[in-house]
Structures are given as structure tokens and as C-alpha cells.
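**Q** Chains as they are written, first to last, in this note's numbering: chain A, 24 to 180; chain B, 24 to 180.
Glycine included, C-beta positions come from ideal geometry on N, C-alpha and C.
The structure follows.
Protein chains: 2
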Amino acid sequence: MPDTTPEETYFAFFTEVGILAQLSRALFEARLPDGFTLSQFTVLNHLIRVKDGRTPLEMARAFQVPKTSMTHSLAVLERHGLIRLAPNLQDGRSKCVWITDAGRTFRQAAISGMTPDLADLAARFPALRLAETLPVLTDLRQIMDQMRDPDPEQRSR
Amino acid sequence: MPDTTPEETYFAFFTEVGILAQLSRALFEARLPDGFTLSQFTVLNHLIRVKDGRTPLEMARAFQVPKTSMTHSLAVLERHGLIRLAPNLQDGRSKCVWITDAGRTFRQAAISGMTPDLADLAARFPALRLAETLPVLTDLRQIMDQMRDPDPEQRSR
DNA sequence: TGATTGTAGTGCGACATCGTACTATATAGT
DNA sequence: ACTATATAGTACGATGTCGCACTACAATCA
Chain A
24 MPDTTPEETY FAFFTEVGIL AQLSRALFEA RLPDGFTLSQ FTVLNHLIRV
74 KDGRTPLEMA RAFQVPKTSM THSLAVLERH GLIRLAPNLQ DGRSKCVWIT
124 DAGRTFRQAA ISGMTPDLAD LAARFPALRL AETLPVLTDL RQIMDQMRDP
174 DPEQRSR
Chain B
24 MPDTTPEETY FAFFTEVGIL AQLSRALFEA RLPDGFTLSQ FTVLNHLIRV
74 KDGRTPLEMA RAFQVPKTSM THSLAVLERH GLIRLAPNLQ DGRSKCVWIT
124 DAGRTFRQAA ISGMTPDLAD LAARFPALRL AETLPVLTDL RQIMDQMRDP
174 DPEQRSR
């Protein structure tokens with residue numbers, strides 16, 4: 024291909040990333056019970072991978088979503104008994120999010136359900152090729168994270 | 024890091040891709056007029072990059088979204104005069120989607136608006152590093168595309 | 001301590017996404 | 001041609017996303 028400007032490269036890159044995100048979302052959601060959402064699973068996963076006991080706002084920031092969206096996701100998860108919202112003893116305005124046993128079970132079941140799909144994928148496309156790109160993706164993500172509007176207010180995204 | 028299974032690599036990869044998609048979406052939408060959506064811009068962009076005159080269903084498949092979502096996006100774009108829906112002479116059930124001059128202008132303006140952000144990004148993170156990952160992303164996307172449920176019905180995603 | 005300002009979470013409304021069910025047209029089988 | 005089946009698009013309703021505005025509490029400062 025002829026000359027490609029850096030901007031065009033970024034444009035193409037984000038286009039691919041967007042499509043891949045959509046495809047993987049579909050893949051994952053197909054393995055979740057009924058109408059559970061990827062965001063809901065992602066929250067549960069975060070509570071285990073990172074740590075639970077954090078506040079909703081901290082989690083909203085971690086996921087780059089507005090806090091109102093996080094409120095909604097947490098409400099759904101709590102309604103299903105997958106998390107528990109406890110008062111924050113350090114801050115009366117705030118809360119702490121804890122995953123329940125049911126939540127752990129749910130997450131584990133979801134992961135078990137997806138693993139065959141991922142294995143299938145890995146059989147057709149070597150994970151090593153992906154592993155090579157991971158550092159690039161991570162670095163870019165961190166840079167974009169720093170660049171994003173440091174708006175101290177409302178919006179987290 | 025210790026042993027990593029291929030499934031874990033895929034899991035981590037999709038996690039990064041998801042976050043990057045979210046960050047780039049925010050970046051792009053911040054440059055679109057009022058309440059325009061990334062999906063709407065993406066449709067316009069597709070009409071120029073690929074070709075207009077296609078049917079809504081073809082476009083829904085290209086974007087991996089359900090046809091009802093495409094109906095909605097097209098309705099919004101048509102209401103704003105950015106596209107035109109013409110009857111399909113080859114198939115009375117169908118339609119053809121054409122971009123209007125206003126649509127071309129809108130897309131060009133949107134791209135111009137984003138270019139500085141991308142240039143800014145490119146200044147902090149070399150586009151070349153991204154370019155190296157592009158073939159991997161494209162290959163994976165194509166494979167996932169082939170794998171996806173060839174459900175002849177309803178759902179396109 | 002009282003007043004001001006900042007922050008965490010939520011109620012609400014607008015809009016996007018998408019599954020179900022329906023209509024209109026096309027295609028296949030006889 | 002006639003019937004059965006498949007397909008393109010849409011109306012509608014349920015739910016997710018998110019901006020705005022509000023309340024409760026915290027932190028700062030005099």
C-alpha cells in the first residue's frame with residue numbers, strides 16, 4: 024500500500040479494535056445466562072481479578088464508564104444476589120462492593136462456558152501471535168487513559 | 024509471569040480490546056456534533072469507504088449488528104438528510120442506501136475534527152507500533168468472522 | 001462551630017440496542 | 001398457478017447507557 028499517514032494508521036487500528044470488541048462481546052454474551060450483559064460479567068470478573076471491597080466510583084473509573092452506568096450495573100447484580108453493597112465505614116457518602124458466593128459461582132460458570140470457545144479460537148489462531156500484540160495494546164491503553172479529559176466532574180468517560 | 028494458557032491470553036487480549044474500543048469511542052464521539060453516535064458515523068464512513076447503494080441487511084451483516092439496530096441507525100441518518108433510502112429495483116422487499124452530499128460533508132467534517140486528536144496521539148505513541156499489530160488484528164477478525172454462528176435467521180450478531 | 005465548596009451515589013429522562021412478532025414480497029415445490 | 005416457505009424491513013417493548021440535577025455527607029476554612 025502507498026503512503027499511510029499516522030492518522031490513517033490510527034483510524035484503521037481503531038476500526039479493527041471496534042470490530043473485534045463487537046465480535047468478542049457477541050462471543051461472550053452468547054455464553055452468559057438469559058439476558059446477562061458483558062458489562063455485568065466484567066464487573067464480577069473485576070471484583071475477583073482485581074479486588075472487591077472497592078467503591079462504585081472507583082470501579083466506574085476503572086471501566087471508563089459514567090458513574091450512573093455503574094450504579095445501574097451494580098443494581099442489577101445486587102438484585103440477582105451476585106454482589107452485596109455495604110456501607111463504607113470510611114466515608115458515609117460511599118459504599119463498598121463485595122462479591123457474594125453466588126457471584127463467584129456465576130463467574131466461574133461463565134468462564135467455564137467460554138473456555139471451549141477460546142480454545143477453539145486458539146486452535147485456529149495461535150495465542151502467541153496475540154501475546155505479541157498485548158504489550159502494544161496495553162501501552163496504548165495507558166497512554167489514552169492518561170490523555171483522557173481529566174475532568175474532575177461527573178463524566179468518567 | 025508464570026505459565027499462561029492460550030485461553031488466558033485470549034481473555035486478556037479481549038479485555039484490552041474492549042477497553043481500547045471504549046476509549047476510542049469516547050474520543051470519536053467527543054468530536055461528533057451534538058448527540059451523534061459512533062455507529063452513525065461508522066455507517067456513513069462505510070458508505071464511502073466500501074460503497075453505497077447496498078441494502079440495509081447487507082450493512083447490518085457487515086457491522087455485525089441485528090437488522091433492527093441498522094433500521095434505527097438508518098432512520099436517524101435519513102431524518103438528518105445524511106443518507107437517502109431508495110427502493111430496490113431488484114427486490115421489492117428491500118431498499119438501497121445512498122449517501123447524500125450532506126452526508127459526505129458531515130463525514131468529512133467529522134474526520135477533520137478527529138485528525139488533531141489522532142495526531143496528538145501519534146505524537147505520544149508511534150503509529151508504527153500499531154501498524155505492526157494491524158495484520159494480527161485483521162487476521163483474527165477474519166477468523167472470528169468466519170466462525171460466528173452462520174445463523175440464517177434474525178440475529179446477525 | 002458555621003459557611004462554603006467538593007464529592008459519592010441516585011432518580012429521572014432521552015436515546016441506543018436488540019429480541020419478538022408482524023407485513024410484504026420473493027422463491028421453491030408441486 | 002398455487003401453496004408453502006424463506007427473506008427484507010419495521011413496529012414495539014424491554015433493557016442498557018449516560019447526561020443532568022439533586023441529596024447526603026465530607027472537607028476546607030474562617
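Chain B beta carbons: is any one of them nearer than 8 Å to that of GLU39/A?
**A** Here residue 39/A refers to the residue found at position 16 of the first sequence. For GLU39/A, the answer is yes, since a Cβ of chain B falls inside 8 Å of its Cβ.
**Q** Answer with buried or exposed for ALA150/A, where buried requires no fewer than 16 other C-beta atoms within 10 angstroms of its C-beta.
**A** For the purposes of this step, residue 150/A is identified with residue 127 of the first sequence, where counting begins at 1. The residue is buried, with at least 16 neighbouring Cβ atoms inside 10 Å.
**Q** Using a C-beta cutoff of 8 Å, does LEU43/A count as contacting chain B?
**A** On the first sequence, position 20 is the one that residue 43/A refers to. Cβ-Cβ to chain B under 8 Å: yes for LEU43/A.
**Q** Helix, strand or coil for ALA146/B, going by three-state DSSP, please let me know.
**A** The residue given as residue 146/B occupies position 123 in the second sequence. Three-state DSSP puts ALA146/B in a helix.
**Q** Could you tell me the alpha carbon to alpha carbon distance between GLY115/A and TRP121/A, rounded to whole angstroms?
**A** The sequence position of residue 115/A within the first sequence is 92, counting from 1. The sequence position of residue 121/A within the first sequence is 98, counting from 1. Distance between the alpha carbons of GLY115/A and TRP121/A is about 17 Å.
**Q** Measure the CB-CB distance between VAL54/A and GLY136/A and report whether it falls below 8 Å.
**A** Position 31 of the first sequence, counting from 1, holds the residue named residue 54/A. Position 113 of the first sequence, counting from 1, holds the residue named residue 136/A. Per the sequence shown, the amino acid found at residue 54/A is Arg instead of Val. A contact, by the Cβ cut-off of 8 Å.
**Q** When DSSP labels each residue in this structure, what does GLU31/A get in the three-state scheme?
**A** Numbered from 1 along the first sequence, position 8 holds the residue referred to as residue 31/A. Three-state result, GLU31/A: helix.
**Q** Tell whether a beta-carbon distance below 8 Å holds between SER96/B and SER62/B.
**A** Taking the first residue of the second sequence as position 1, residue 96/B is located at position 73. Taking the first residue of the second sequence as position 1, residue 62/B is located at position 39. Result yes, Cβ atoms of SER96/B and SER62/B sit closer than 8 Å.
**Q** So which of MET167/B, ALA132/B and PHE86/B has the shortest CA-CA distance to PHE181/A?
**A** Nothing about residue 181/A can be reported from this structure: the residues present for chain A run from 24 to 180 only.
**Q** Out of curiosity, what's the CA-to-CA distance linking PRO110/B and CYS119/B?
**A** Taking the second sequence and counting its residues from 1, one reaches residue 110/B at position 87. Taking the second sequence and counting its residues from 1, one reaches residue 119/B at position 96. In a straight line, the C-alpha of PRO110/B is about 6 Å away from that of CYS119/B.
**Q** For the region 76-92 of chain B, which residues have a CB atom closer than 7 Å to at least one CB atom of chain A, in sequence order?
**A** Those would be GLN87, in chain order.
**Q** Per DSSP, which one or two residues make a beta bridge with ALA154/B?
**A** Taking the first residue of the second sequence as position 1, residue 154/B is located at position 131. Paired residue(s): none; ALA154/B is not in a bridge.
**Q** Should ARG166/A be flagged as near chain B, meaning a C-beta pair shorter than 8 Å?
**A** Translated into the one-based positions of the first sequence, residue 166/A becomes position 143. Inspection of the sequence shows that residue 166/A is occupied by Ile rather than by Arg. Yes, because at least one Cβ of chain B sits closer than 8 Å to the Cβ of ILE166/A.
**Q** Since PHE129/B and LEU50/B should fall inside the 8 Å C-beta cutoff, what is the C-beta to C-beta distance between them, to a whole number of angstroms?
**A** Position 106 of the second sequence, counted from the start, is the residue given in the question as residue 129/B. Position 27 of the second sequence, counted from the start, is the residue given in the question as residue 50/B. The Cβ separation is near 18 Å, so there is no contact.
**Q** Find the residues of chain A that neighbour SER96/B, judging by a C-beta separation of less than 8 Å, and give them in chain order.
**A** Counting from 1 along the second sequence, the entry for residue 96/B is found at position 73. Result: empty, since nearest Cβ-Cβ is about 14 Å, beyond 8 Å.
**Q** Which bits of chain A does GLU30/B rub up against, with CB to CB less than 7 Å?
**A** Counted from its first residue, the second sequence places residue 30/B at position 7. Within 7 Å Cβ-Cβ: THR138, LEU141, ALA142 and ALA145.
**Q** How should GLN45/A be labelled, buried or exposed, when 16 other C-beta atoms within 10 angstroms of its C-beta is the threshold for buried?
**A** Start at 1 with the first residue of the first sequence, and residue 45/A comes out as number 22. Counting Cβ neighbours within 10 Å, GLN45/A comes out buried, since at least 16 surround it.
**Q** Which of the three DSSP states is assigned to PRO79/A in this structure?
**A** On the first sequence, position 56 is the one that residue 79/A refers to. In this structure, PRO79/A counts as helix in the three-state DSSP scheme.
**Q** Whole angstroms is fine: what's the gap from LEU105/A's alpha carbon to PHE64/A's?
**A** As a working note, residue 105/A is residue 82 in the first sequence. As a working note, residue 64/A is residue 41 in the first sequence. C-alpha separation (whole angstroms): 10 Å.
**Q** I'd like the list of long-range same chain contacts for GLY76/A, defined as Cβ closer than 8 Å, with 5 residues on each side in sequence excluded.
**A** As a first step, residue 76/A must be located in the first sequence, where it is residue number 53. Cβ within range, chain order: CYS119, VAL120 and TRP121.
**Q** Tell me the DSSP secondary structure of ARG54/B in three-state form.
**A** Numbered from its first residue, the second sequence carries residue 54/B at position 31. Coil, per DSSP.
**Q** Give a yes or no on whether the minimum CB-CB distance between GLN177/B and chain A is below 8 Å.
**A** Sequence index remark: in the second sequence, residue 177/B carries index 154 (1-based). Summary for GLN177/B: the model assigns pLDDT 47, below 50, so the residue's position carries little reliability; its value from the coordinates is reported in the next sentence. Output row for GLN177/B: interface = no.
**Q** Do you know how far the Cα of HIS69/B is from the Cα of GLN131/B?
**A** For the purposes of this step, residue 131/B is identified with residue 108 of the second sequence, where counting begins at 1. For the purposes of this step, residue 69/B is identified with residue 46 of the second sequence, where counting begins at 1. Spanning the two alpha carbons is a distance of roughly 13 Å.
**Q** Report yes or no: is there a C-beta of chain A within less than 8 Å of the C-beta of PHE36/B?
**A** On the second sequence, position 13 is the one that residue 36/B refers to. Output row for PHE36/B: interface = yes.
**Q** Given LEU163/B, which residues of its chain have a CB within under 6 Å of its CB, disregarding the five upstream and five downstream residues?
**A** By one-based count along the second sequence, residue 163/B stands at place 140. Counting only Cβ-Cβ distances below 6 Å, and skipping sequence neighbours, we find nothing.
**Q** Please return the same chain residues whose Cβ sits closer than 6 Å to the Cβ of PRO175/A, not counting the five positions on each side in sequence.
**A** Taking the first sequence and counting its residues from 1, the one referred to as residue 175/A is at position 152. For PRO175/A, the pLDDT reaches just 38, beneath the cut-off of 50, and the residue's location in the model is therefore unreliable, although a value from the coordinates is still provided. Cβ neighbours of PRO175/A beyond the five flanking positions: none.
**Q** Just the Cα atoms here: how many angstroms apart are SER92/A and ALA83/A?
**A** Taking the first residue of the first sequence as 1, we reach residue 92/A at position 69. Taking the first residue of the first sequence as 1, we reach residue 83/A at position 60. Each residue's Cα considered, the two are about 8 Å apart.
**Q** Applying the criterion that 16 or more other CB atoms from any shown protein chain within 10 Å of the CB defines a buried residue, is LEU207/B buried or exposed?
**A** Summary: the structure shown does not reach residue 207/B, with chain B confined to residues 24 through 180, and so no result is reported for it.
**Q** Thinking C-alpha only, which one of ALA85/B, ILE71/B and ALA133/B is nearest ASP57/B?
**A** Against the second sequence, residue 57/B aligns to sequence position 34. ASP57/B has its Cα closest to that of ALA133/B, out of ALA85/B, ILE71/B and ALA133/B.
**Q** I need the boundaries of the alpha helix (DSSP H) containing ARG72/A, first residue and last residue.
**A** Against the first sequence, residue 72/A aligns to sequence position 49. That run of the alpha helix (DSSP H) goes 61-72.
**Q** Hey, is ARG180/B's beta-carbon within less than 8 Å of any beta-carbon in chain A?
**A** The residue labelled residue 180/B in the question sits at position 157 within the second sequence. In this predicted model, ARG180/B has a pLDDT of only 45, less than 50, meaning its place in the structure is not dependable; the value taken from the coordinates is given anyway. For ARG180/B, the answer is yes, since a Cβ of chain A falls inside 8 Å of its Cβ.
**Q** The alpha helix (DSSP H) with VAL88/B in it runs from where to where?
**A** To locate residue 88/B, count along the second sequence from 1; it is residue 65. It is not in any alpha helix (DSSP H) - VAL88/B carries neither H nor E in the DSSP assignment.
**Q** So what does DSSP say about LEU46/A, is it helix, strand or coil?
**A** Position 23 of the first sequence, counted from the first residue, corresponds to residue 46/A. Note: LEU46/A maps to helix in three-state DSSP.
**Q** Compare the C-beta of ALA132/A against all C-beta atoms of chain B and say whether one is closer than 8 Å.
**A** Numbered from its first residue, the first sequence carries residue 132/A at position 109. No, ALA132/A lies away from the interface with chain B (no Cβ there is under 8 Å from its Cβ).
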